[in-house]
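Going by the UniProt record's numbering, the sequence shown opens with residue 1, and the numbers climb by one from there.
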Amino acid sequence: MSDGRFEFLDGYPADVLAFEAKGTIGAEAYEQHLIPAVEAKIAAEGKVKLLYIIGDAFDGYTAKAAWDDTKLGLSHLGDFAAVALVSDVDWIRWGVQAFAPMIPGTVKLFRLSELDQAKAWICAAGKAEEDHSHDVAARHKLPTLEDRQPPLED
């Protein structure tokens with residue numbers, strides 16, 4: 001049994017699931033808390049926006065938790081309208097950047113010092129509808145991988 005947990009955060013729009021990883025996250029944190037919360041939010045809202053904070057209280061993942069994270073992401077790829085990852089942990093930022101092109105929704109990386117910007121961004125994500133009135137089939141083109149990867153800035 002690991003000491004890790006996901007702390008869910010209140011005060012966000014109904015389509016936003018905001019949470020912070022704390023301690024060493026094990027499989028039980030995913031299976032008993034995060035996966036049911038994600039699936040309930042998807043059932044209630046359809047597409048979901050995630051605000052995922054990995055701050056100073058985060059110690060790591062167990063191997064089973066990392067696998068559960070992968071399964072969760074792959075099984076709900078089309079269900080995430082936007083993802084804001086807030087973390088200074090480089091290996092996590094690199095991993096999210098590597099997989100961002102596979103997520104149909106927008107993925108944006110923030111540093112812990114940018115938490116307020118991340119909160120504002122995730123709440124506003126998807127609100128401004130683009131004007132496609134003059135588009136033809138080109139609006140259905142697939143973006144290049146470079147267009148889908150959030151920049152790693154240091």
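We put the beta carbon where it would ideally sit given N, CA and C, even for glycine.
- Within the DSSP bridge table, the entry for S87 names I54 as partners.
- Uninterrupted alpha helix (DSSP H) stretches at least 4 residues long and entirely within the region 3-87 occur at 35-45 and 63-75, given in chain order.
- Under the 8 Å Cβ criterion, the region 4-20 counts as touching the region 33-45, having at least three qualifying pairs.
- For L109, the enclosing beta strand (DSSP E) starts and ends at T106 to F110.
- Taking each of V16, G95 and L85 in turn and checking the Cα distance to A40, the smallest one comes out for V16.
- In summary, D79 is buried, with 16 or more beta-carbon neighbours lying within 10 Å of its beta-carbon over all protein chains present.
- 8 Å or more divides the Cβ of A81 from the Cβ of K108.
- By the C-beta density criterion, L152 is exposed, having fewer than 16 other C-beta atoms within 10 angstroms.
- Taking the CA atoms as reference points, Y12 sits about 7 Å from A18.
- Taking G105 as the centre and dropping the five residues before and after it, the same chain places the C-beta of F80, A81 and A82 closer than 6 Å to its C-beta, in chain order.
- Boundaries cannot be given for A125, as no alpha helix (DSSP H) includes it and DSSP labels it neither H nor E.
- Of the candidates I54, A84 and E28, E28 places its Cα closest to the Cα of A63.
- One alpha carbon belongs to A120, the other to D10, and they sit about 14 Å apart.
- When secondary structure is reduced to three states using DSSP, I103 falls in the coil class, being assigned neither helix nor strand.
- Annotated as proximal: V86 and I53, with beta-carbon spacing under 8 Å.
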